[in-house]
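Residue numbers (the numbering used here): 4 to 137. From the three backbone atoms N, C-alpha and C, an ideal C-beta is built for every residue, glycine too. Just so it is clear, the structure is predicted and the values come from calculations on it, not from any experiment.
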């Protein structure tokens with residue numbers, strides 16, 4: 004009994020597939036004149052009747068997947084390609100101390116000297132204020 008049910012189900016499925024294939028073939032012949040709705044109904048038959056087309060598309064999709072994870076080093080090398088440090092060409096001489104400095108910036112040596120003199124002046128003012136209070 005089970006064998007006859009299995010045979011009946013396979014014959015029904017093959018009958019269904021033949022009918023679907025026939026519908027798909029007729030829809031495919033008149034496709035340009037019909038709207039896309041008729042083509043969307045026959046989509047399950049595409050995988051059965053046109054395996055070459057689907058397999059080519061599927062292989063193209065599968066080939067685009069990387070085999071291994073890209074390492075952090077390789078990813079950073081790719082991202083930083085062509086973005087190396089550039090030589091500094093705009094170097095001038097500081098008018099205050101005569102040392103080299105970048106153009107349009109403050110001389111770091113002069114700024115450090117000014118900072119030290121301010122610290123010394125603030126220390127003197129605090130010292131005077133503490134002496135006057137006592």
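Inset, instruction - Could you check the C-alpha separation between residue 113 and residue 103 for me, to the nearest Å? - result: 11 Å
Inset, instruction - Answer yes or no: do residue 117 and residue 105 have a C-beta to C-beta separation smaller than 8 Å? - result: no
Legend entry - Continuous alpha helix (DSSP H) stretch holding residue 77: start and end: 75 to 82
Inset, instruction - Under 8 Å Cβ to Cβ from residue 21, same chain only, skipping five residues before and after it: list those, please. - result: none
Legend entry - Chain-order list of residues whose beta-carbon lies under 6 Å from that of residue 67 (same chain, five-residue window excluded): none
Inset, instruction - Determine, using beta carbons only, whether residue 114 comes closer than 8 Å to chain C. - result: No chain C appears in the structure shown, which is made up of a single protein chain.
Inset, instruction - Can you give me the Cβ contacts of residue 92 inside the same chain, cut-off strictly under 8 Å, excluding the 5 residues immediately before and after it? - result: none
Inset, instruction - Classify residue 69 as helix, strand or coil using the three-state DSSP reduction. - result: Coil, per DSSP.
Inset, instruction - Identify, in the order they occur along the chain, each residue of the same chain with its Cβ nearer than 8 Å to the Cβ of residue 125, setting aside the five sequence neighbours on each side. - result: none
Legend entry - Three-state class that DSSP yields for residue 103 in the structure shown: strand
Inset, instruction - Report the residue from 69, 115 and 28 whose alpha carbon sits nearest the alpha carbon of residue 100. - result: 115
Inset, instruction - Output the distance between the C-alpha atoms of residue 98 and residue 120, rounded to the nearest integer angstrom. - result: When only Cα atoms are considered, residue 98 and residue 120 end up about 19 Å apart.
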